[in-house]
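Structure first, commentary second.
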Amino acid sequence: MFGAPCTRKRHAMSPKTSALVAVLIPVVLHVASGFYLPGLAPVNYCKPGSTTKQCQTKIDLFVNRLDSDESVLPYEYNHFDFCTTNVTTSPAENLGQVVFGERIRLSPYLIDFMVNKSCAKLCTRQYGPDIPGSAARLEQLKKGMMKQYRHHWIVDNMPVTWCYLIDTDKQYCSMGFPMGCFTYRNSQPRGLCSVTSEFSKPETFYLFNHVDLTISYHKSERESWGSSFIEEGGRIISVKVQPRSIKHKNHDRPMCDSTEHLTLSLKDKDAAFNITYTYSVTFVRNDHVRWSSRWDYILESLPQTNIQWFSIMNSLIIVLFLTGMVAMILLRTLHKDIARYNQMDSGDDAQEEFGWKLVHGD
Numbered sequence: 001m002f003g004a005p006c007t008r009k010r011h012a013m014s015p016k017t018s019a020l021v022a023v024l025i026p027v028v029l030h031v032a033s034g035f036y037l038p039g040l041a042p043v044n045y046c047k048p049g050s051t052t053k054q055c056q057t058k059i060d061l062f063v064n065r066l067d068s069d070e071s072v073l074p075y076e077y078n079h080f081d082f083c084t085t086n087v088t089t090s091p092a093e094n095l096g097q098v099v100f101g102e103r104i105r106l107s108p109y110l111i112d113f114m115v116n117k118s119c120a121k122l123c124t125r126q127y128g129p130d131i132p133g134s135a136a137r138l139e140q141l142k143k144g145m146m147k148q149y150r151h152h153w154i155v156d157n158m159p160v161t162w163c164y165l166i167d168t169d170k171q172y173c174s175m176g177f178p179m180g181c182f183t184y185r186n187s188q189p190r191g192l193c194s195v196t197s198e199f200s201k202p203e204t205f206y207l208f209n210h211v212d213l214t215i216s217y218h219k220s221e222r223e224s225w226g227s228s229f230i231e232e233g234g235r236i237i238s239v240k241v242q243p244r245s246i247k248h249k250n251h252d253r254p255m256c257d258s259t260e261h262l263t264l265s266l267k268d269k270d271a272a273f274n275i276t277y278t279y280s281v282t283f284v285r286n287d288h289v290r291w292s293s294r295w296d297y298i299l300e301s302l303p304q305t306n307i308q309w310f311s312i313m314n315s316l317i318i319v320l321f322l323t324g325m326v327a328m329i330l331l332r333t334l335h336k337d338i339a340r341y342n343q344m345d346s347g348d349d350a351q352e353e354f355g356w357k358l359v360h361g362d
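Per the UniProt record's numbering, the very first residue in the sequence shown carries number 1; after that it's consecutive.
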């Protein structure tokens, strides 16, 4: 006489929704683990001739893209006429490095652990009216110096820093150093190059064609991780660079004790000259800083670092865009499931009401 009690069916998630969730979960986990974390694992270094599975001798110096606070366009290292290596392969980059536009390449700098070098020649670039592409390459260098583009180097998974004094008593370490300086008519250098008074010639470019690298290391002596070394070794705790502008008179055997700067005129485009790039490496033992604390001196300078608002906004826009796409896909998929669920519930209600009408008036 009476109809069956009203029951609601619980429907399982559709195959399409299950497949979508199964795909999104590993993608989100991969993105979360793909971003760069400083100091993933320590690397042990030892003297040449003592390379083992526990330590290595060669220290790779990697170059990254060049950027500027005055321009939103970064450039790869080979965009400017610097010295490059013949190696075409690049180190593997994680998702975070790719998203942030990092372009890491191996540099031609040859560095061995605990081997000091003085004024080692890297390469010589020639310019002149008879050399194809000379004017374009020179113009790129000048534009880079005028817009204050900065190098970003990496050694042992750690940025190479340029440290200098500010306010006459406090040291500031920047994770990058300028490729050169430009002085205007009032003899006032711009930006990062204003920390020194050496560049005063008006309307002149000063190219930094020499770098002094100071590599500090923590010695393996009296450390548990250094007990397997045949010879003494250590771990790198900091790499600091001091760029200089040197006019080399002998390009085959350059001397870095010259105080004359390498200058380029603003209007000089057809002159024939050479630019020789050199570098020096000095190893300094420092057992007061452990490998686990090697980022401290960089982090202390971060509050005064210029914030690149364009990069931050660009990253936020990308994150919001991707989040919106995922939300839209989920909403459209779930909307179909909810609509199908409501239709089935309406059908059950209609059938139940039709059964009650049969006994109406009895």
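No residue lacks a Cβ here, since even glycine has one placed at the ideal position from N, Cα and C.
- Boundaries of the beta strand (DSSP E) around residue 67: 66–68.
- Under the 10 Å beta carbon count, residue 206 is surrounded by 16 or more other beta carbons and is classified as buried.
- Secondary structure of residue 151 (DSSP, three-state): strand.
- By the Cβ criterion, the stretch 104–116 is in contact with the stretch 60–68, since at least three pairs of Cβ atoms, one from each stretch, lie closer than 8 Å.
- Restricting attention to 319, 66, 166 and 170, the CA atom closest to the CA of residue 147 is found in 66.
- As the crow flies, the alpha-carbon of residue 46 is around 14 Å from that of residue 284.
- Residue nearest to residue 105 within the set 82, 118, 117 and 49 is 82 (criterion: CA-CA distance).
- Per the Cβ contact rule, the stretch 203–217 is in contact with the stretch 230–242 (3 or more Cβ pairs under 8 Å).
- Between the stretch 174–185 and the stretch 140–157, the count of Cβ pairs shorter than 8 Å is three or higher; the stretches touch.
- As the crow flies, the alpha-carbon of residue 263 is around 11 Å from that of residue 200.
- Residue 333 carries a helical assignment under DSSP once its states are collapsed to helix, strand and coil.
- Between the C-alpha atoms of residue 340 and residue 333 there is a straight-line separation of about 11 Å.
- Along the stretch 72–144, the beta strand (DSSP E) occurs as fully enclosed runs of 3 or more residues at 117–127, listed in sequence order.
- Residue pairing from DSSP places residue 178 in a beta bridge opposite 150.
- Secondary structure at residue 321: helix, using DSSP grouped into helix, strand and coil.
- Here residue 258 has 246, 247, 248 and 249 as same chain residues with Cβ atoms under 8 Å from its own Cβ, once five neighbours each way along the sequence are excluded.
- Per DSSP, residue 296 lies in no beta strand (DSSP E) segment; the continuous alpha helix (DSSP H) that holds it begins and ends at 296–299.
- Proximity to residue 242 across 163, 314 and 295 peaks at 163, based on C-alpha coordinates.
- The beta-carbon separation of residue 183 and residue 203, rounded to 7 Å, stays under the 8 Å limit for a contact.
- In the same chain as residue 240, and ignoring 5 residues on each side of it, the C-beta atoms closer than 6 Å to its own belong to 161, 163 and 214, in chain order.
- Our two residues, residue 276 and residue 130, have alpha carbons roughly 19 Å apart in a direct line.
- Here DSSP, grouped into helix, strand and coil, assigns residue 205 to strand.
- For residue 267, there is no enclosing beta strand (DSSP E), as DSSP marks it with neither H nor E.
- Residue pairing by DSSP places residue 236 opposite 217 in a beta bridge.
- Counting the other Cβ atoms within 10 Å of the Cβ of residue 210 gives 16 or more, which makes it buried.
- Residue 79 and residue 70 have their C-alpha atoms some 18 Å from each other.
- Counting other Cβ atoms within 10 Å of its Cβ, residue 98 stays below 16 and is therefore classed as exposed.
- Straight through space, the alpha carbons of residue 125 and residue 274 are spaced by roughly 6 Å.
- Listed as beta-bridge partners of residue 46 by DSSP are 233.
- For residue 164, the enclosing beta strand (DSSP E) starts and ends at 162–166.
- In this structure, the alpha-carbon of residue 327 lies about 12 Å from that of residue 335.
- In the structure shown, residue 277 adopts extended strand secondary structure according to DSSP, grouped into three states.
- In chain order, 172 place their CB closer than 7 Å to the CB of residue 166, counting only its own chain and leaving out the 5 sequence neighbours on each side.
- Residue 55 sits in coil when the DSSP states are folded into three classes, being neither helix nor strand.
- Per DSSP, the continuous beta strand (DSSP E) segment holding residue 63 begins and ends at 61–63.
- Secondary structure at residue 172: strand, using DSSP grouped into helix, strand and coil.
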